[in-house]
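Here the structure comes first, spelled out in structure tokens, and everything after it is commentary.
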Amino acid sequence: MNAFTVASPKQRVARSSWRRKVFSFFWGAPLLIWQGAFFFAPLIFLIVLTFWSVRSFRVQPDATLKNWIKILTTEYVWSAYLRSVVLSACCSLITTAAAFPFAYFVAFRLSMRARLFATCLLIVPFFTSYLVRVYTWRTMLGQHGAVNNLLAWIGLPAQTMTDNFFGVLVGFVTLTLPLVCLLHVLSLSYVDKRLVEAAHNLGAPPFTTVLRVIIPSARTGLILGVAFAFVLSFGDFVSPDLLGGRNPPLVSLLIIDQVKGGSNWPSAAVIAMIMVITLVIVVLGASRLAYSGRK
Amino acid sequence: MSRPRSAGFGFGAVLVAIYAFIYAPIVISFIFSFSAERFPTIPLGGVSLQWYGFVWSDPDVHAAFWRSVNVAALAAPIAVFIGFGAAYTDYRSKFFGKALYLTLGLLPPLVPVLILGVAMLFFFARVGLFGGLYSIVISHVVLCTPFAFTVVRLRLTQVNPALEQAAWNLGAGPWRTFASVIVPLCLPAIVAALLVTAAISFDEFAVAWFVSGMNETLPVRVLNFVQGQASPRINAIGSLTFTISMLLVMSALILLFFRTPQGSAPIDAARDKP
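Note that the protein sequences, when read in sequence, are chains F and X.
All residue numbers for the first sequence refer to the working numbering, where the first residue is 3 and numbers rise by one.
All residue numbers for the second sequence refer to the working numbering, where the first residue is 3 and numbers rise by one.
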């Protein structure tokens, strides 16, 4: 912390010595120290570790590209990676397509009080266990689960809904939908209602108003929603495991297996770095889209 | 504004469908925690508390529960101390690189827990911090601090900076001003931040799973249940932890929105001083 300036008009207050500096340091520095030591150091070590080697089951400092070359030339890492990217992209699309009409209704048709209640209902799921929700989906969607019982009762054939991509997507959407809905509701609530009314008065049909007025005004939040859905689902290993049946694996499961199963941590670090790079590209791309042309 | 009735009906259907999808697993899990049968059926076969009984008599669950309580009880105060300090720094100081300072400090929730967990596991193992309850505490502080920051920072935006300046003019030093102006005004937010961070720590399973070694917390126990021999016990544990989390969060909300004095008006804020 340096150059501490006080907004006070009184010079005599601003001048008081290094006691004030100690005071500022005491409150400001812990954040940097803690996050530096326990958040940045691990992330930097993750990068370093990708260049280390394993000899007789022990990780040793080294400067080799072997891990990178090994992982990047393994076919099934790439196929797992592609599956992950496609599934996370699908999750982003589904949640965005579902959240937009929802948020439109909440932001433009509900009263202030109802909107607050609707928003609270979106926050509650954050404090429920994602594990328990995924477990419940598994019992509901399984071969002899309640959904198939229901289908049989109607007279429809049983469907396979777990241990495949459908199951994974159900899990991903469970994880991301509340957050994306929340982002859409927030960004649509900030759209200037006068613009919407002006469009309506000028004779624009509702669909045109949505396309030409509402979506451009709410763009930042909508794109953020896409990015968040992608980032969250891409890093999720619970749904691919419990609802996807691990087979074929997704890239998050490869990391788990490398870490928990074997001792090949450098390889796991390389896969983790590939994920990080992907996520950085997605986030940077999204923020370019979200903020380009903004004053 | 005249719109076709069917459009409104369609939107209503979307609203219901989305809430149904979000709440189906939550409500169903709660209902089946009282099921008398091993496999969930519709309609419910019979009502019993047997799964709660299993949970109650399982020593592993007991140990895991107390580990979770310990971790949350340690991680929450540390995270709130750091988050509060950062929020206060952001509130009263301008310095070179402040945006960077805040970005770096508040970044952790945006990093996927899988990446964070793996990175922390490797690093902790290397520097000898792996495998204890303190490993979980350290990682949960990293995750919780940004939330503590946000809760306190929201409160500080309502505190009139003139109050601090008045205290200085009256001859109080920075510590004295801090103790008698800032702390009393922020007290509800501090308690709320403690409750919210405790709830987050209590629910966190991914990073804890990586760094805890053999010391499994309650969510990690659930993860191991789910991955192994799944049983309706999970529903019982889920309902219990949900109740605890909601109690914490509800208390936080009540503190933030109903007990908070109207600090934006300086006179009211001053009256709030003990």
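The beta carbon of each residue, even a glycine, is placed where N, CA and C say it ideally should be.
Given residue i as reference, the closest of the options once Cα atoms are compared
| i | options | result |
| --- | --- | --- |
| F:T98 | F:F110, F:I276 and F:I217 | F:I217 |
| F:F41 | X:V144, X:L187, X:G12 and X:G14 | X:V144 |
| F:W29 | X:V49, X:A74 and X:A88 | X:A88 |
| F:T176 | F:L234, F:G247 and F:R214 | F:L234 |
| F:P242 | F:N166, F:L197, F:L224 and F:C183 | F:N166 |
| F:H146 | F:Q161, F:I279 and F:R135 | F:Q161 |
| F:V215 | F:G227, F:H202 and F:I283 | F:H202 |
| X:H64 | X:I239, X:I246 and X:F259 | X:I239 |
| X:W68 | X:F204, X:N226 and X:G230 | X:F204 |
| X:F23 | F:I156, F:P180 and F:N150 | F:P180 |
| X:I138 | X:P148, X:I184, X:Q167 and X:V222 | X:V222 |
| F:A292 | F:V240, F:G227, F:I257 and F:T280 | F:G227 |
| F:F25 | X:A77, X:P61 and X:Y90 | X:Y90 |
| F:A43 | X:A26, X:A81, X:P61 and X:P110 | X:P110 |
| X:A15 | F:V136, F:D194, F:A100 and F:F59 | F:A100 |
| F:I96 | F:A231, F:W20, F:I279 and F:A120 | F:A231 |
| X:Q52 | X:L17, X:S37 and X:D60 | X:S37 |
| X:L76 | X:I236, X:L197, X:V49 and X:G119 | X:L197 |
| X:Y287 | F:Y78, F:C122 and F:N151 | A query on residue 287 of chain X cannot be resolved here, the shown segment of chain X reaching from 3 to 276 and no further. |
| X:I236 | X:G134, X:W58 and X:Y136 | X:W58 |
| X:K100 | F:S81, F:L158, F:L33 and F:L133 | F:L33 |
| X:D62 | X:S247, X:N72, X:A78 and X:F227 | X:F227 |
| F:R21 | X:G175, X:S247, X:V224 and X:P163 | X:G175 |
| X:I33 | F:R135, F:D64, F:W36 and F:K23 | F:R135 |
| X:T243 | X:G134, X:F132 and X:E206 | X:E206 |
| F:M114 | F:G287, F:D238 and F:Y192 | F:Y192 |
Listed by chain order, chain F residues near residue i by CB distance under 9 Å
| i | result |
| --- | --- |
| X:R128 | F47, L51 and V61 |
| X:L1 | Not covered by the structure: residue 1 of chain X. The range shown for chain X is 3 to 276. |
| X:I192 | What X:I192 touches in chain F: nothing, since even the nearest Cβ is about 13 Å away. |
| X:F207 | S131, Y132, L133 and V240 |
| X:T159 | Correct list: empty, because the minimum Cβ distance to chain F is about 14 Å. |
Chain-ordered chain F contacts of residue i [CB-CB under 8 Å]
| i | result |
| --- | --- |
| X:Q229 | D243 and L244 |
| X:F149 | The premise fails here: X:F149 is roughly 11 Å from chain F at the closest Cβ pair, so nothing lies under 8 Å. |
| X:V16 | A100, P103, F104 and F107 |
| X:V144 | W36, Q37, F40 and F41 |
| X:L20 | The sequence shown places Ile at residue 20 of chain X, rather than the Leu named in the question. Near X:I20 (Cβ distances below 8 Å), the residues of chain F are A100, A101, F104, L179 and C183. |
Partner residues on chain X for residue i, Cβ-Cβ distance less than 8 Å
| i | result |
| --- | --- |
| F:T176 | F23, I24 and P27 |
| F:V79 | Correct list: empty, because the minimum Cβ distance to chain X is about 16 Å. |
| F:W267 | F124 |
| F:L84 | Within chain X, no residue comes near F:L84; the closest Cβ sits about 18 Å away, beyond 8 Å. |
| F:M277 | P114, L116 and I117 |
Amino acids of chain X, ordered along the chain, whose beta-carbon sits closer than 9 Å to that of residue i
| i | result |
| --- | --- |
| F:R248 | Chain X residues near F:R248: none, gap ~10 Å exceeds 9 Å. |
| F:L185 | Here the premise fails: no neighbours, minimum Cβ distance about 14 Å. |
| F:M142 | A26, P27, I30 and P42 |
| F:F25 | G175, P176, W177 and F180 |
Supposed contact pair residue j and residue i - C-beta distance, whole angstroms, cut 8 Å
| i | j | result |
| --- | --- | --- |
| X:C146 | X:T199 | 4 Å |
| F:F104 | X:I20 | 5 Å |
| F:T222 | F:S254 | Incorrect: roughly 28 Å between the Cβ atoms, too far for contact. |
| X:S70 | X:S241 | So it is not a contact: roughly 16 Å between Cβ atoms. |
| X:F13 | F:R111 | 7 Å |
| F:V240 | F:G169 | Going by Cβ atoms, the distance from F:V240 to F:G169 rounds to 12 Å, so no, they are not a contact pair. |
| F:L89 | F:L171 | 7 Å |
| F:L197 | F:S219 | 7 Å |
| F:Y83 | F:I276 | 7 Å |
Chain X contact residues for residue i, given Cβ-Cβ distances below 7 Å
| i | result |
| --- | --- |
| F:G237 | P114, V115, L116 and I117 |
| F:P180 | I24 |
| F:R22 | P176 |
| F:I257 | L116 and V120 |
Contact set between residue i and chain F, taken where Cβ atoms lie within less than 7 Å
| i | result |
| --- | --- |
| X:M122 | P44 |
| X:I236 | V134 and Y137 |
| X:L225 | L133 |
| X:I140 | F40 |
| X:I84 | P32, L33 and W36 |
Inter-stretch contact at 8 Å, needing at least 3 Cβ pairs: the region 204–213 of chain X / the region 149–157 of chain X: no
Check whether the region 42–54 of chain F and the region 66–77 of chain F touch, using three or more Cβ-Cβ pairs below 8 Å as the test. yes
Does the region 118–132 of chain F come within contact of the region 261–276 of chain F, defined as at least 3 CB pairs closer than 8 Å? no
Ranges of the alpha helix (DSSP H) found wholly within the region 107–179 of chain F, counting only runs of at least 4: 114–125, 132–143 and 148–156
Given 8 Å, three or more beta-carbon pairs between the region 249–257 of chain X and the region 183–197 of chain X: yes
In chain order, which beta strand (DSSP E) runs of at least 3 residues are fully inside the region 104–167 of chain X? none
Along the chain, which unbroken stretches of the alpha helix (DSSP H) at least 4 residues long are found entirely within the region 179–262 of chain X? 185–205, 208–213, 220–229 and 235–259
Would you call the region 179–197 of chain F in contact with the region 106–116 of chain F, where contact means no fewer than 3 C-beta pairs closer than 8 Å? yes
Within the region 59–115 of chain F, ranges of the alpha helix (DSSP H) (whole runs, at least 4 residues): 68–74 and 77–111
Just checking, does the region 195–212 of chain F make contact with the region 168–176 of chain X on the three C-beta pairs under 8 Å criterion? no
My parser needs the alpha helix (DSSP H) runs of 4 or more residues fully inside the region 204–279 of chain F; what are they? 208–211, 221–236, 240–244 and 253–258
Contact between the region 137–144 of chain F and the region 244–253 of chain F: three or more CB pairs below 8 Å? yes
For the structure I just gave you, are there three or more beta carbon pairs, one from the region 205–212 of chain F and one from the region 55–63 of chain F, closer than 8 Å? no
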